[in-house]
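Structure first, then comments.
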Amino acid sequence: MPNPRLSLALERIGPGDWEIFEQFASEFLAVEYPALRTMAAPNGDKGRDAEIFTIDGVSKVAFQYSVTASWKTKITRTLDTLKWNFPSVSTMIYLTNQVIGPAADGLREESRRDRNITVDIRDRSWFVDREQSYPQRRVASQELAKRFVDPLLSKRGVIDRTPTLTADESKVAVLHLALDGEDQATDQSLTKSCFDSLVLAALHDSSTDNRLSLSEIQDGVALRMPVGKRGQIDALTLSALNRLSRKGPVKQHKSASASEDTYHLSFEEAKKINDQTAKFLLDEAALDAELVVAVRALEVPIELGETQLTEISRELRTALDETLLERGESFAEAVETGEPFQLSPVAIADKITAAGGISELSSDAAAAAIMHVLEQPSPQTQSHLRRLADAYTLFAFLKQTPDVQKVMLNVFSEGDIWMDTTAILPLIGETLVDDPEERHFTILMRAAVDAGLLLFVTEGVVEEVERHLNLAVAYGHNRTSVWTGRVPFLYSAFVLSGRPETEFLDWQRHICGREQPLQDVSDYLADEFSVETKSLLEYSDAASIELRGAVQELWNETHERRRQRGDYGAEQGTRSRLVAHDVENSVGVIEYRRTTGPSPMGYLAWWLTFDGTAMKMKDHLRERLGPHAPPSPVLSPDFLTQLLRLGPLRTAIEQDLRVQLPLLTDMSVNHYAPQALLDLARETREKSSSQNERVVRREVRDAVNRARQQMGPAAVGGVRAMEDRISASIKRQSPE
Numbered sequence: 001m002p003n004p005r006l007s008l009a010l011e012r013i014g015p016g017d018w019e020i021f022e023q024f025a026s027e028f029l030a031v032e033y034p035a036l037r038t039m040a041a042p043n044g045d046k047g048r049d050a051e052i053f054t055i056d057g058v059s060k061v062a063f064q065y066s067v068t069a070s071w072k073t074k075i076t077r078t079l080d081t082l083k084w085n086f087p088s089v090s091t092m093i094y095l096t097n098q099v100i101g102p103a104a105d106g107l108r109e110e111s112r113r114d115r116n117i118t119v120d121i122r123d124r125s126w127f128v129d130r131e132q133s134y135p136q137r138r139v140a141s142q143e144l145a146k147r148f149v150d151p152l153l154s155k156r157g158v159i160d161r162t163p164t165l166t167a168d169e170s171k172v173a174v175l176h177l178a179l180d181g182e183d184q185a186t187d188q189s190l191t192k193s194c195f196d197s198l199v200l201a202a203l204h205d206s207s208t209d210n211r212l213s214l215s216e217i218q219d220g221v222a223l224r225m226p227v228g229k230r231g232q233i234d235a236l237t238l239s240a241l242n243r244l245s246r247k248g249p250v251k252q253h254k255s256a257s258a259s260e261d262t263y264h265l266s267f268e269e270a271k272k273i274n275d276q277t278a279k280f281l282l283d284e285a286a287l288d289a290e291l292v293v294a295v296r297a298l299e300v301p302i303e304l305g306e307t308q309l310t311e312i313s314r315e316l317r318t319a320l321d322e323t324l325l326e327r328g329e330s331f332a333e334a335v336e337t338g339e340p341f342q343l344s345p346v347a348i349a350d351k352i353t354a355a356g357g358i359s360e361l362s363s364d365a366a367a368a369a370i371m372h373v374l375e376q377p378s379p380q381t382q383s384h385l386r387r388l389a390d391a392y393t394l395f396a397f398l399k400q401t402p403d404v405q406k407v408m409l410n411v412f413s414e415g416d417i418w419m420d421t422t423a424i425l426p427l428i429g430e431t432l433v434d435d436p437e438e439r440h441f442t443i444l445m446r447a448a449v450d451a452g453l454l455l456f457v458t459e460g461v462v463e464e465v466e467r468h469l470n471l472a473v474a475y476g477h478n479r480t481s482v483w484t485g486r487v488p489f490l491y492s493a494f495v496l497s498g499r500p501e502t503e504f505l506d507w508q509r510h511i512c513g514r515e516q517p518l519q520d521v522s523d524y525l526a527d528e529f530s531v532e533t534k535s536l537l538e539y540s541d542a543a544s545i546e547l548r549g550a551v552q553e554l555w556n557e558t559h560e561r562r563r564q565r566g567d568y569g570a571e572q573g574t575r576s577r578l579v580a581h582d583v584e585n586s587v588g589v590i591e592y593r594r595t596t597g598p599s600p601m602g603y604l605a606w607w608l609t610f611d612g613t614a615m616k617m618k619d620h621l622r623e624r625l626g627p628h629a630p631p632s633p634v635l636s637p638d639f640l641t642q643l644l645r646l647g648p649l650r651t652a653i654e655q656d657l658r659v660q661l662p663l664l665t666d667m668s669v670n671h672y673a674p675q676a677l678l679d680l681a682r683e684t685r686e687k688s689s690s691q692n693e694r695v696v697r698r699e700v701r702d703a704v705n706r707a708r709q710q711m712g713p714a715a716v717g718g719v720r721a722m723e724d725r726i727s728a729s730i731k732r733q734s735p736e
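Numbering of the sequence shown is given in the numbering used here, commencing with residue 1 and proceeding in unit increments.
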């Protein structure tokens, strides 16, 4: 198994460490080439750092050591120098700490064809794969890791690498919660799991020669617990210590008095933690690299150099960590208060602005880069961000109470969820995504069903979906004329998926026909997503006049604003129907759950929605009805995601489905599709029309994604304020 400590050591080598790398690489080569000779000299090496001794003095194999990230330029220049100084060289072996892999295939072929020199590239993976092949290589690897990695793995190193939290002990605690994150899907109590992590954090630098007493460990855990009775914390710490001592990760040295016993990490556990921490830091480096890629895709007013990009990625990672921390705190608060939360690109941009901004980037652009990485991470980064998000969430709970499991047991483990139109339309839209693993919201709802939750819609939502499909058909027939209002979401999703607009009607008919369209939509939702149709009118009609009046007032004001800005037609009847549907959902769920338990998040009925007004319903009800107002019926998709990962339902979900749960359920980028973005999709499709359908769709999606990434987070600064900026961005992206 590859050693993450060696990978991290090689990743940490910088331009000023070239001599250390040369010595390390020479140790690896010596077992393969006993006649290797180092050729470095003050007056230059003429293109080779080492060569193989030959009796006739004619060099055929040359070696080049390099730590530069600009490996293409370095290799090309070295080959030119070798060709001039040593025309007899037929093989050049290039050794580097960088990751190159197949990216050099073209360069190797060019060298063989044009220079008659075979290039053998030995990058980071070559060293890692061969670490254990010879004792000499093993020793060299250990020495390199000791120099570059061990300082990072110490308690001090962890503290310095974690900028988000202020308390040093908290930083170490979050690391251990993240390292233990892969085990959170087990049946083990979250309280036990958390305190195991906290005890290991307290023992982070311990060894046979550096043991800690029980009181020192209890003090260390208590430092990470700002609330809770000290007696309870000490008891849970002792229980975790005894558990870990029995299992083996912790070694206990008994004394005459149990209170004087000392403890330290076992050698095996210390090595495991070091390897896990090294892997964690490698994942951090991969995250930094993905943030750099995201920044490069943005439109920025100046050309950014490598040093600037490195600093920007560091600042972006801090902002991303703060976003995950705030998300964890919001989840913990929601469990306690029932206040819904939903991660918003607008909130990320505002928080970046409040913190002073990020070098050379607008807050919108910085938020766009963060959102891009959260929405489209590599598998390595996705796993890392999930563990980090879970760690911050558990840490947020620990700041409220030592007994995390007791709190989580108050969260519902079964229930009925009514879905709003804002949640149903993205589900339908995601059927247009070819790769099932990229249907993030669909995965979330599949996991909910897998966990035993029941999904419903009211007849009103079915009607809204059917009306939306009709509106999309009307737009398709009339898009060349003046169109008032936004482009219907499902039509824009169809076009932006790369499909030809002439096929939209066929796709729409797959969902509903002409004879019984409402029944067709209802059947479609049940068949495709296990969402049944179930009325709430019986419950909403039975509500008090005061409650119905307060909720109706909220939705009347909201839909009037939306009508005035052109979100839908000007008909008064349309607004009245939408208000009635929202009242049925919100009031109906409140009344449906009246006889359930008192815990804010323990109710068995919920309303799942992306609607921003719904998220504010708790405050509105309290303002209108006073302190005895009923709790909000709203369940946010972000809360549901984290609940399925950490709550009582986590063990009911298949592991493969659980690891696919999305980090982000923001749908604003899908709901906002300006006309210019649709025009780009059409133009790209037309220019790619000679390709096969699969390639055409890919070209359209790639062009749209590039434009979206450059425009920044959807709706930052308001939809209308973005129109000109987005249109200008898309014009620059249009294919030639």
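Where a beta carbon is used, it is the ideal one built from N, C-alpha and C, also for glycine.
Check whether residue i and residue j have beta carbons under 7 Å apart
{"i": "PRO340", "j": "MET615", "result": "yes"}
{"i": "LEU661", "j": "ARG645", "result": "yes"}
{"i": "THR533", "j": "SER540", "result": "no"}
{"i": "ALA365", "j": "LEU298", "result": "yes"}
{"i": "ALA448", "j": "VAL174", "result": "no"}
{"i": "VAL89", "j": "ARG124", "result": "no"}
{"i": "ARG593", "j": "ALA605", "result": "yes"}
{"i": "LYS74", "j": "SER66", "result": "yes"}
{"i": "TYR524", "j": "ILE511", "result": "yes"}
{"i": "ALA349", "j": "ALA367", "result": "yes"}
{"i": "GLY498", "j": "ARG701", "result": "yes"}
{"i": "VAL149", "j": "ARG5", "result": "yes"}
{"i": "VAL31", "j": "GLN136", "result": "yes"}
{"i": "PHE678", "j": "VAL473", "result": "One point to set straight first is that residue 678 is Leu, not Phe, in the sequence displayed. For LEU678 and VAL473, no; Cβs fall outside 7 Å."}
{"i": "ALA369", "j": "LEU325", "result": "no"}
{"i": "GLN405", "j": "LEU190", "result": "yes"}
{"i": "PHE738", "j": "THR422", "result": "Coverage of the chain is limited to positions 1 through 736, which leaves residue 738 absent and any answer about it impossible."}
{"i": "SER535", "j": "GLU591", "result": "no"}
Residue environment, residue i, which counts as buried when at least 16 other CB atoms sit within 10 Å
{"i": "GLY106", "result": "exposed"}
{"i": "GLU464", "result": "buried"}
{"i": "GLU269", "result": "buried"}
{"i": "ASP183", "result": "Its pLDDT being 41, under 50, ASP183 is placed unreliably in this model, and the value from its coordinates should be taken loosely. So ASP183 ends up on the exposed side."}
{"i": "GLU51", "result": "buried"}
{"i": "HIS264", "result": "buried"}
{"i": "ASN97", "result": "buried"}
{"i": "ILE55", "result": "exposed"}
{"i": "GLU22", "result": "buried"}
{"i": "LEU560", "result": "Position check: residue 560 holds Glu in this sequence, whereas Leu was assumed. Counting Cβ neighbours within 10 Å, GLU560 comes out exposed, since fewer than 16 surround it."}
{"i": "THR558", "result": "buried"}
{"i": "LYS60", "result": "exposed"}
{"i": "GLY231", "result": "exposed"}
Expected contact under 8 Å - CB spacing of residue i and residue j to nearest Å
{"i": "ALA240", "j": "ILE233", "result": "About 11 Å; that fails the 8 Å criterion."}
{"i": "ASP416", "j": "PHE441", "result": "19 Å between Cβ atoms; not a contact."}
Residues that residue i bridges to, as DSSP identifies them
{"i": "THR684", "result": "Beta-bridge pairing links THR684 to no other residue."}
{"i": "LYS251", "result": "HIS264"}
{"i": "ASN210", "result": "SER207"}
{"i": "ARG122", "result": "LEU95"}
{"i": "ARG317", "result": "For ARG317, which the question treats as bridged, DSSP gives no partner whatsoever."}
{"i": "ASP416", "result": "LEU454 and ALA605"}
{"i": "TYR524", "result": "None, per the DSSP bridge assignment."}
{"i": "ARG37", "result": "GLU51"}
{"i": "ILE358", "result": "LEU361"}
{"i": "THR533", "result": "VAL457"}
{"i": "VAL61", "result": "THR91"}
{"i": "VAL634", "result": "TRP607"}
{"i": "SER66", "result": "THR96"}
Contact test: residue i Cβ vs the ligand SAM heavy atom, cutoff 6 Å
{"i": "ALA365", "result": "Judged by which ligands are present, the structure shown has none, so any question about the ligand SAM falls away."}
Tell me, please, whether the region 544-560 touches the region 488-503 by the rule of three or more beta-carbon pairs shorter than 8 Å. Result no; under three Cβ-Cβ pairs closer than 8 Å.
Closer than 8 Å is the cut-off here; do at least three beta carbon pairs connect the region 100-119 with the region 76-88? Contact between the region 100-119 and the region 76-88 is present, because at least three Cβ pairs lie under 8 Å.
Three or more C-beta pairs closer than 8 Å, one from the region 579-588 and one from the region 306-320: is that the case here? Touching, no.
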